[in-house]
Every structure is written in structure tokens, then in C-alpha cells.
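Structure record follows, encoded as C-alpha cells.
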Amino acid sequence: MNRDFAKEDRVYRILYTILSPFLKLFFRPTAVNFDKMPDGAAIICANHSDGWDPLIFLCSVGKDNNIRFMVKKEFENFPLVGFVLKKMGEIFVDRKANDIKAIKDTLYNLKSGLKVFIFPEGTRTEADGSVDPKKGALKIAAKVKCPIVPVFIPRNKKLFSPVRIIMGEPYYVTAKTQEEFEAEATMLMEKIFLLAEDN
Numbered sequence: 005m006n007r008d009f010a011k012e013d014r015v016y017r018i019l020y021t022i023l024s025p026f027l028k029l030f031f032r033p034t035a036v037n038f039d040k041m042p043d044g045a046a047i048i049c050a051n052h053s054d055g056w057d058p059l060i061f062l063c064s065v066g067k068d069n070n071i072r073f074m075v076k077k078e079f080e081n082f083p084l085v086g087f088v089l090k091k092m093g094e095i096f097v098d099r100k101a102n103d104i105k106a107i108k109d110t111l112y113n114l115k116s117g118l119k120v121f122i123f124p125e126g127t128r129t130e131a132d133g134s135v136d137p138k139k140g141a142l143k144i145a146a147k148v149k150c151p152i153v154p155v156f157i158p159r160n161k162k163l164f165s166p167v168r169i170i171m172g173e174p175y176y177v178t179a180k181t182q183e184e185f186e187a188e189a190t191m192l193m194e195k196i197f198l199l200a201e202d203n
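Numbering (the working numbering), first residue to last: 5 to 203.
Below, the structure written as C-alpha cells:
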């Protein structure tokens, strides 16, 4: 696999420059405890309530962050959107199958020192804890031995009101068995929702 990470970052910075003024006007996003973000590879895991979540997160952390997103495969075929996402190096995943390519792409990004953003719930949810979290992010983190960074994104976003993205303490996965991964996936979401208390 031959990737031009610098080119991907340039595409992202162009998109950031175009979109961030509007996002900052309508949502006023800020990243709280961003100093906890580790250097190098990490998997960022957040709750997911609406389509604004990834854009608001990226706007809150700035344009120089070396983050790649795992996005649903359906976006790959969207006119213009799919093209831009490919140019940014985002990872397309088929949520209905065991997507080996998405796993390999994620491992490649992490081993290259980048961060990967994943929604463990796998889809948008209407209530905290209403969906059983996926174990994939934890298994990949355990394989690469990179930290997990829990992130809380507020559910009820209001136009022209501040949106505070809360980052928690990075930690390393200790699970080894299937049961332990299931328990740790549940614990991860609990960590994320507890961050809401700081909002």
C-alpha cells in the first residue's frame, strides 16, 4: 500500500478552511482536555447521535491532527462526498460484514503513526447505551498496542450554542478473551458517557 499522507492532510486542511467558519458560527465547538490526546497512533472512540458529530469533532481539534475516520461504505458512492473522503484517506467499512479491508486499512494507518476515529456503537443512536458497542476497535488497539481515547460528543446540539467535545484519559486495552472484550467494550461506552458530567 502506497499512500501520500501529506497530500491527504492537504485535502483535509482545504476542507477545514472551507467548513470551519460555518461550523464555528452555528455550533461554536471546543475541545476540552485536548492536551490528553497522545502523540502518535491512537484509536479515538466516541458516542454517535447525528451526522454532525465527525465534522464538529474535527472542527474542535483543528486542522493539524493526523486523524482518519472510519465511515460507512455507503458514503464511498456518494457523488463528490465519496471522492473527497477517498482523497482524505478515510476508511470505508461495510457494517453488515466482517470487512477485512477496513481492518487492514485501520492497522496500516495506526502502524504509520496516525490516529483513527471510530464510533463503537456502529451507527447513530437516539439514547445513551441503547446499542451494544462493537468490539472491533478494542481488538485492533490490543493488536497494535496503541491507546484508546474516549470522547463524548453532546447529543442535543443547539444552533448558536457552544458544543463542548470532552476527551477522557487514554488507556490501553487489557482484554484477551471474547468475554473480556465484550466487557471492556461496555466499559468503554460507560467511560464515554461519564464524560458528559464534565459538559
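Glycine residues also receive a C-beta, built at the ideal position from the N, C-alpha and C atoms.
Query, Result
"Per DSSP, what kind of secondary structure is C49 in: helix, strand or coil?", "strand"
"Rounded C-beta distance between P204 and P42? I'm assuming under 8 Å.", "Residue 204 lies beyond the residue range present for the chain, which begins at 5 and ends at 203; the question has no answer from this structure."
"Just reading off the alpha helix (DSSP H) that M193 is part of, what are its end residues?", "182-198"
"How about A50 and K119: do their beta carbons lie closer than 8 Å?", "no"
"Pick helix, strand or coil for Y175, following the three-state DSSP scheme.", "strand"
"List the endpoints of the continuous alpha helix (DSSP H) containing I95.", "Where I95 is concerned, there is no enclosing alpha helix (DSSP H), although the beta strand (DSSP E) it sits in stretches over 95-97."
"With a threshold of 8 Å between beta carbons, is K90 in contact with chain C?", "The structure shown contains no chain C, having only a single protein chain."
"Go to A101, then tell me how far its alpha helix (DSSP H) extends in each direction, as first and last residue.", "Premise fails: A101 is in no alpha helix (DSSP H) and is neither H nor E."
"Taking the straight line between their C-alpha atoms, what separation do you get for I47 and L29?", "29 Å"
"Which residue wins for smallest C-alpha separation from P124, given the options P137, G117, N70?", "P137"
"Could you check if P25 is buried or exposed, using at least 16 other CB atoms within 10 Å of its CB as the buried criterion?", "exposed"
"Assuming the contact rule is C-beta atoms closer than 8 Å, F156 and I170 should be a hit. Round their C-beta distance to whole Å, please.", "4 Å"
"My output table needs one value for K67: the three-state DSSP class, helix, strand or coil.", "coil"
"Grab the span of the beta strand (DSSP E) containing P154 for me, first residue to last.", "152-156"
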